[in-house]
Structure formats: C-alpha cells, structure tokens
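Just below is one structure, and these are the notes that go with it.
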Amino acid sequence: MRKKADASGKTTAQQLKEAAVIAFGKYGYEGATVRTIARMANLTAGQITANFGSKENLFNEIIMDIHAETCSHFDPIIGEYEYLKRAGKLTSEDAWRMIEMIVDAQIDYMSAPDNLWRVQIMNVHMFNESLPISANLARFTVEKIEMLLARLLLEVFQNKRFLHARTVSRAVNGAIITFAEHPDLLYNEVLTSQHKQANEWMKGYLKNYIMGSLRGEAARPADPE
Numbered sequence: 134m135r136k137k138a139d140a141s142g143k144t145t146a147q148q149l150k151e152a153a154v155i156a157f158g159k160y161g162y163e164g165a166t167v168r169t170i171a172r173m174a175n176l177t178a179g180q181i182t183a184n185f186g187s188k189e190n191l192f193n194e195i196i197m198d199i200h201a202e203t204c205s206h207f208d209p210i211i212g213e214y215e216y217l218k219r220a221g222k223l224t225s226e227d228a229w230r231m232i233e234m235i236v237d238a239q240i241d242y243m244s245a246p247d248n249l250w251r252v253q254i255m256n257v258h259m260f261n262e263s264l265p266i267s268a269n270l271a272r273f274t275v276e277k278i279e280m281l282l283a284r285l286l287l288e289v290f291q292n293k294r295f296l297h298a299r300t301v302s303r304a305v306n307g308a309i310i311t312f313a314e315h316p317d318l319l320y321n322e323v324l325t326s327q328h329k330q331a332n333e334w335m336k337g338y339l340k341n342y343i344m345g346s347l348r349g350e351a352a353r354p355a356d357p358e
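For the sequence shown, this note's numbering begins at 134 and goes up steadily by one.
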C-alpha cells in the first residue's frame, strides 16, 4: 500500500520515481541498484518493495508514464493529421503547421533539464531486450514521434520516398537530443545565463535551424533512381 503525501506534497511513490528516473538515466537499468535509488530519494530500499514490488516494476511504471506523457503531446496532432488526410483536406500549409508543432513540442520537452534523464532512458532502453515489455513500449514511444513527423514530411517532400522522410525525421529527433545533451554546442555565455531570454534564444535558434533545413530539403529535387 502506497503511503500518503509528505510535507512536500509528494507521495513516497512519487519521490521514488523522481529519484529512479535520474538513477536509470545516469547508470542504466542494471547499474541503478535499489539501494542507490532509495538513497537518492532519502528513503529505504524496503519502501521500493512496499510501493512497487520490485525494481523492474518501478522501471516499467516510469516507462509507462513517459509513454502516457508522449501520447498527451502528440495524439492530438495525429488525430488532426488523420482526420484531414481521410477527408482529403490536408494541405501543404496544414502539414507545415503540424511539423512546426512537433518540432516545438520536442524542443520544449528536451530543453527542460528534468526531462533529459527520461530521454536517456528511452533512447538507451529501447535496445535493451532483457526487459522486453518496457523495451517494446520504449521503441513504440520513440517511433510514435518519428513516424508522425515522417508522414507529415512525406506530404511536403515532393517525389521522395517514405524511407527518405523517415531518415530525415530520425535526424531531426537526434539533432534535438544532441543539443539537449551537449548545450555547449551553442555559446556557453548564452546558455549558462540564468535569464529566461537565453533559453528562449537557444530554443528559437534550434527551431529556426531545423525548420530551415526541412524547407530546404523539401525544395531540393529528388535524387535520380
């Protein structure tokens, strides 16, 4: 039975999840021990068992939380795309608008420091076959974003194959993750500033670079067969 919230308003389960996200992100599933997670949460190893039953169950809940959060961001875009596509009303302007929405959502998510460990978990664990259920869900979550962007890119990439659009989509996702992991790729004096404007500058710079690259790729003739 999970304990009630403490003075901070967080339940024991929430405290353990927050610590576990950092531990799994830093050390991987195998490296993040029950004792390490408990110590980071200022709790005991027994409380992990009491709240989740096992480290594996705790990890699976984190993966499910990330998947649910991903769905909340991208399912509305998927719904709009599928509706317009089925109705024969999808225009190039619609596709570009939704592409920009996807890029904005990804950059906003990646630019939040607390989310970096979640990204690490997803991108590493989707290749971990020792926990097949959560690995499959991790793969599905990542592919949900990449596939949606690829389908929209196919609408604006004239005479180009789906594999081309999927490759570009994966490159976009990888570029955003890289900037999140290595902020020193931009000017350190800007990124280390505590002012909100600096973070907005970084996000705007990255978005403009990506959208400009995508529009340039859309205008480029398809490679000959």
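C-beta atoms are modelled at their ideal positions from N, C-alpha and C, and glycine is treated no differently.
Please read all numbers here as calculations on a predicted model, not as lab measurements.
Assign Lys293 to one of three DSSP states: helix, strand, or coil.
The sequence position of residue 293 within the sequence shown is 160, counting from 1. In this structure, Lys293 counts as coil in the three-state DSSP scheme.
When Tyr338, Arg303, Leu287 are compared against Tyr214, the one with the closest alpha-carbon:
Taking the sequence shown and counting its residues from 1, one reaches residue 214 at position 81. Ranking Tyr338, Arg303, Leu287 by Cα distance to Tyr214 puts Leu287 first.
Where does Arg300 sit, in a helix, a strand or coil, going by DSSP?
Looking up residue 300 in the sequence shown gives position 167. Note that residue 300 is Thr in the sequence shown here, rather than Arg. It is helical.
Which same chain residues, not among the five before or five after Phe273, have their C-beta less than 8 Å away from its C-beta?
Taking the first residue of the sequence shown as 1, we reach residue 273 at position 140. Cβ neighbours of Phe273 beyond the five flanking positions: His200.
Have a look at Ile170 and Pro209 and give me their C-alpha separation to the nearest angstrom.
Position 37 of the sequence shown, counting from 1, holds the residue named residue 170. Position 76 of the sequence shown, counting from 1, holds the residue named residue 209. Ile170 and Pro209: Cα-Cα distance of roughly 35 Å.
Three-state secondary structure (DSSP) of Ala165
Taking the first residue of the sequence shown as position 1, residue 165 is located at position 32. Residue state, collapsed to three classes: coil.
Note down, one range per segment and in chain order, each alpha helix (DSSP H) of at least 4 residues found wholly within the stretch 150-206.
167-173, 178-185
Taking only runs that begin and end inside the stretch 196-284, name each unbroken alpha helix (DSSP H) of 4 or more residues, in chain order.
The stretch 196-284 contains, as complete alpha helix (DSSP H) runs of 4+ residues, the segments 225-244, 249-258 (chain order).
Given that a residue counts as buried once 16 or more other Cβ atoms are within 10 Å of its Cβ, and exposed if not, what is Asn292?
Position 159 of the sequence shown, counting from 1, holds the residue named residue 292. Under this definition Asn292 is an exposed residue.
Taking buried to mean at least 16 other C-beta atoms within 10 Å of its own C-beta, is Leu285 buried or exposed?
Counting from one through the sequence shown, the residue named residue 285 turns up at place 152. Its Cβ being crowded by 16 or more others within 10 Å, Leu285 is buried.
With a Cβ-Cβ cutoff of 7 Å, do Ala153 and Leu191 count as a contact?
Sequence index remark: in the sequence shown, residue 153 carries index 20 (1-based). Sequence index remark: in the sequence shown, residue 191 carries index 58 (1-based). In this structure, Leu191 lies closer than 7 Å to Ala153 by Cβ.
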